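Student: Quick note: the sequence shown uses numbering that gives the first Met the number 0, first residue 0, plus one each step.
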Amino acid sequence: MSTSTPSEQHHASVLVINSGSSSIKYQLVTPHDGAAVASGLVERIGETAGAVKHVAHGTTTRREVPVPDHGAGLRIVLGLFEEVGPDLQDAHVVAVGHRVVQGGDRFDGPVLVDAAVEHAIEELSPLAPLHNPPNLTGIRVGQALLPDVPHVAVFDTAFFRHLPDAAATYAIDADVAARYGVRRYGAHGTSHQYVSRQVAQILGRPVEDLHQIVLHLGNGASASAVRGGVAVETSMGMTPLEGLVMGTRSGDIDPAVVFHLYRNAGMSVDEIDDLLNRRSGIKGLSGENDFRALHDLVAAGDAGARLALDVYLHRLRKYIGAYHAVLGRLDVITFTAGVGENDDIVRASVLAGLEPLGIEVDAARNDGRKSEPTVISPDGARVTVLVVPTNEELAIARQAIEVVGA
Ligand code: AMP
């Protein structure tokens, strides 16, 4: 399929696959115009009742069928492409792009999948036990079902592979750290890279000239400091648990809390893992992990919700200050992902009072949800504040196209 004619290349598409432990998200993307031609989701893989949703040509097709494993899930998806379209032959699929969470210190960019890459993803699984194994499963079933198309792995850690050692290193026994791969790898890199480059395009300035802070605030949340297009700091660490307060994750915490709960609360390591990843963050403090519900509770006078929002904003503000110091000069702050794009209260609150640092938000420009890139700082402000919708699928598709040279 890489022997396409120039006119076919113009319409080339990439099937992007994000394979999780019990789900497969997919999107058929045409990178030249950024369109998502089709998208969908297979859920509850391995359970008795699976669910499949396929969106194409403006219509949504749903199936409630058992999906025993990822292979069955992807077969159903390919069947839906045949049945309701678009036809994958006509779509000139030149690559399949797979999201892989952990690339460790091995991958600083996208790669064509071969046996060595598969082996490396498997070897890195101890660092991302919930993610790399299902990512690899997605790659394997994808290759089995679409054997004539090149498969490309795009790593969530790649943009942060060359963090300065001072930022990437944990201050623990160096031999232990080296033996067990204990260092900061970051995550959400595809989004941070995509958004920081979009910012340069939107402002009409070379990315090399810009000192940026990117705030990816979704259910997972992370901040990065990007100097001249190169990531120099990020808030996620060895795993996506470090850093900002998130929907259900604690972010930064004294590691001794873990010993304390283990020794004195009788909790197992797995229970503490579950606590910090799934029962913490704003959900742990308020009972809700969605910001719309959180704001409703705050408006109704709920003290736990108010505290949750305050803790979230305080942590985020600390990171903005820290990254401002890391960068020295700051040109741009950009909000992205579900909360960053939609929540004007969070955007305004977290930057309130930072005028002495040259950071200001214009209330009218900030108002409402943003589905397009929007400047929300006043004209002439020292720091430009932006909202830029992220698009990880498009970023993966473009990287995949680059790798296969289509
Ligand atoms: P993401 O992980 O990027 O898909 O972001 C999901 C999160 O975005 C949800 O959990 C909500 O907290 C948040 N979100 C989505 N829509 C809105 C909205 N209209 N207002 C505030 N937060 C929103």
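The beta carbon of each residue, even a glycine, is placed where N, CA and C say it ideally should be. In this text the structure is predicted, and so the values were computed from the model without any measurement.
Starting from V225 and walking both ways along the beta strand (DSSP E), at which residues does that stretch end?
Tutor: Residues A220 to R226.
Student: How far does the alpha helix (DSSP H) with S195 in it reach, from first residue to last?
Tutor: G188 to L202
Student: In three-state DSSP terms, what is T136?
Tutor: helix
Student: What separation, rounded to the nearest whole angstrom, lies between the Cα atoms of G96 and G141?
Tutor: 10 angstroms
Student: Quick one: grab the DSSP three-state call for I400.
Tutor: helix
Student: Can you check the stretch 61 to 130 for any alpha helix (DSSP H) of at least 4 residues that lies completely inside it and give the ranges in chain order?
Tutor: 69 to 83 and 114 to 122
Student: With DSSP collapsed to three states, give me the class of Y169.
Tutor: DSSP places Y169 in coil when its eight states are reduced to three.
Student: Rounded to whole angstroms, what's the CA-CA distance from V148 to E287? Just pull it up for me.
Tutor: 42 angstroms
Student: Grab me the residues of S3's own chain with a C-beta within less than 8 angstroms of its C-beta, minus the 5 sequence neighbours each way, in chain order.
Tutor: Because the pLDDT of S3 is 46, which lies under 50, any placement of that residue in the model is unreliable, and the number read from its coordinates should be weighed accordingly. Here S3 has A11, H91, V93 and A405 as same chain residues with Cβ atoms under 8 angstroms from its own Cβ, once five neighbours each way along the sequence are excluded.
Student: Where does E7 land, buried or exposed, given buried means 16+ other C-beta within 10 angstroms?
Tutor: Confidence in E7 is poor, its pLDDT being 47 and thus under 50, which makes the residue's placement too unreliable to answer from.
Student: Locate the alpha helix (DSSP H) running through N263, then write down its first and last residues.
Tutor: A255 to N263
Student: Which of the three DSSP states is assigned to A55 in this structure?
Tutor: A55 falls in the strand class under three-state DSSP.
Student: Using alpha carbons as the reference points, say which of E207, F258, D86 and H215 lies closest to V338.
Tutor: H215
Student: Which stretch, first to last residue, makes up the alpha helix (DSSP H) that contains F290?
Tutor: First-last of the alpha helix (DSSP H) with F290: F290 to A298.
Student: Under 8 angstroms, do L126 and G180 count as touching if we go by C-beta distance?
Tutor: Closer than 8 angstroms, so yes.
Student: Following the continuous alpha helix (DSSP H) through V338, name the residue where it begins and the one where it ends.
Tutor: A336 to N341
Student: Can you say whether H118 is buried or exposed, counting buried as having 16 or more other CB atoms within 10 angstroms of its CB?
Tutor: exposed
Student: If you measure between the beta carbons of I281 and Y318, is that distance less than 8 angstroms?
Tutor: No, the Cβ-Cβ distance between I281 and Y318 is not below 8 angstroms.
Student: V198: which of D172, V175, R226 and D32 sits nearest, CA to CA?
Tutor: R226
Student: Given a cut-off of 8 angstroms, decide if D361 and S348 are closer than it, judged by their beta-carbon atoms.
Tutor: no
Student: Evaluate contact between the stretch 217 to 232 and the stretch 251 to 265, counting only Cβ atoms and requiring at least three cross-stretch pairs below 8 angstroms.
Tutor: no
Student: Could you check whether the Cβ of D342 sits closer than 7 angstroms to any heavy atom belonging to ligand 1?
Tutor: yes
Student: Indicate, with yes or no, if ligand 1 has a heavy atom lying under 7 angstroms from the CB of R291.
Tutor: yes
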